[in-house]
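S.K.:
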Amino acid sequence: MTGEAGKKPTLTFPAGKPSLTSASIKVIEGQGTPAKDGDVLTANVTVYNWDGKENKAAGSDYDQGKSEFVSVSPQLPKALHEALVGAKPGGRVMAVVAKDNLSAEQAEQAKQQGQDFDASSQVLVIDVVSAAMKAVQGTAVDPAVNGVKVGSAGGDKAPELTTKTSEKAPKKLVVKTMIKGGGPEVKAGQTVLAHYIGKIWGTDKKFDSSWDRGQPATFALDQVVKGWAQGLTGVPVGSRVLITIPPDLGYGKEGNAQGGIKGTDTLVFVVDVLGAA
Numbered sequence: 010m011t012g013e014a015g016k017k018p019t020l021t022f023p024a025g026k027p028s029l030t031s032a033s034i035k036v037i038e039g040q041g042t043p044a045k046d047g048d049v050l051t052a053n054v055t056v057y058n059w060d061g062k063e064n065k066a067a068g069s070d071y072d073q074g075k076s077e078f079v080s081v082s083p084q085l086p087k088a089l090h091e092a093l094v095g096a097k098p099g100g101r102v103m104a105v106v107a108k109d110n111l112s113a114e115q116a117e118q119a120k121q122q123g124q125d126f127d128a129s130s131q132v133l134v135i136d137v138v139s140a141a142m143k144a145v146q147g148t149a150v151d152p153a154v155n156g157v158k159v160g161s162a163g164g165d166k167a168p169e170l171t172t173k174t175s176e177k178a179p180k181k182l183v184v185k186t187m188i189k190g191g192g193p194e195v196k197a198g199q200t201v202l203a204h205y206i207g208k209i210w211g212t213d214k215k216f217d218s219s220w221d222r223g224q225p226a227t228f229a230l231d232q233v234v235k236g237w238a239q240g241l242t243g244v245p246v247g248s249r250v251l252i253t254i255p256p257d258l259g260y261g262k263e264g265n266a267q268g269g270i271k272g273t274d275t276l277v278f279v280v281d282v283l284g285a286a
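Counting the sequence shown from 1 gives a position; my numbering is that position plus 9.
1) Considering only the alpha carbon of each residue, which of Ser69, Lys16, Glu13 and Ser82 lies closest to Ala44?
2) Excluding sequence positions up to five away, which residues of its chain have a Cβ less than 8 Å from the Cβ of Val94?
3) Assign Leu85 to one of three DSSP states: helix, strand, or coil.
4) Any idea what DSSP makes of Asn155, helix, strand or coil?
5) Thinking Met187 and Val159 are a contact (beta carbons under 8 Å), I'd like their distance in whole angstroms, please.
6) Which term fits Gln122, buried or exposed, when burial requires 16 or more other beta carbons within 10 angstroms of its beta carbon?
7) Let me check one thing: in DSSP terms, what residues is Pro256 bridge-paired to?
8) Could you give the first and the last residue of the continuous beta strand (DSSP E) run that contains Gly207?
9) What is the C-beta distance between Lys65 and Ser31, in whole angstroms, given that I count them as a contact (C-beta under 8 Å)?
10) Per DSSP, which one or two residues make a beta bridge with Leu276?
11) If you follow the alpha helix (DSSP H) that Ala141 is part of, which residue opens it and which one closes it?
12) To the nearest angstrom, how far is it from the Cα of Ile206 to the Cα of Val184?
13) Phe78 and Thr242: beta carbons closer than 8 Å?
14) Beta-carbon separation of Thr174 and Gly211 under 8 Å?
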């Protein structure tokens with residue numbers, strides 16, 4: 010393998026048939042806190058299809074010009090999990106994921122997508138950039154939006170958001186910073202890792218909460234409602250913001266029946282921005 014961490018790696022494969030046995034290796038040590046289960050890493054991933062013939066690169070974040078989030082979990086293929094546990098920012102790890110790490114169902118699914126694990130393996134090279142924070146830090150200030158109250162729960166607990174009010178909802182997008190983070194500003198089109206709670210203005214009806222699910226959500230800003238995309242662009246990582254979104258920047262006149270949101274509803278979110286990739 011050639012190429013330093015932070016640049017796209019080039020792999021040279023041994024001649025002959027591919028290894029059909031999974032393996033993992035730490036290529037470059039890195040510095041800082043070793044990753045553990047439950048961590049979400051910002052990383053640059055390069056994938057090769059080791060078939061013993063062309064051994065083609067199947068894709069690389071370096072070609073896309075943006076990193077991605079990788080969750081460290083025992084549910085990952087064993088070799089990939091072993092490679093990621095203990096990985097440090099600035100480090101590079103490599104995993105050979107072969108048939109012995111996959112269930113029959115996973116192998117069949119891969120086959121339908123063009124990867125035959127009976128005759129090939131997948132090689133992943135992962136350059137760890139950083140670990141996302143688990144919770145924002147700092148004392149929250151009052152967002153000063155009439156009709157909305159936010160109780161500041163500390164640590165990784167959800168803040169208390171109250172939206173039951175007779176006040177009229179703002180007609181335009183409102184974004185108020187309650188805690189200003191010290192990380193880089195979120196750029197348009199990035200993928201964001203965040204905890205959030207969403208309620209409907211005036212009713213106090215909660216229609217969504219990542220805190221209730223027990224894990225932060227990831228979403229690409231070019232694939233969410235306009236109010237989210239506009240409201241989070243430029244917000245520093247590590248911030249807590251209150252966003253009120255009028256219908257035209259939310260779900261529009263159709264609303265969102267699944268979430269119980271009407272076409273006239275203004276949405277109110279408290280969002281903790283934990284990472285951007």
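Each residue gets a CB set at the ideal place from its N, CA and C atoms; glycine is no exception.
M.R.: Working from what's here:
1) Ser82
2) Pro43, Ala44, Lys45, Asp46 and Val81
3) Secondary structure at Leu85: coil, using DSSP grouped into helix, strand and coil.
4) coil
5) 7 Å
6) exposed
7) Bridge partners of Pro256: none, in fact.
8) Thr200 to Ile209
9) The pair is not a contact, with the Cβ atoms about 20 Å apart (cut-off 8 Å).
10) Answer by DSSP bridge pairing, in chain order: Ile209 and Ile254.
11) Counting along the chain, Ala141 falls outside any alpha helix (DSSP H), and DSSP gives it neither H nor E.
12) 15 Å
13) Not in contact: Phe78 and Thr242 (Cβ atoms no closer than 8 Å).
14) yes
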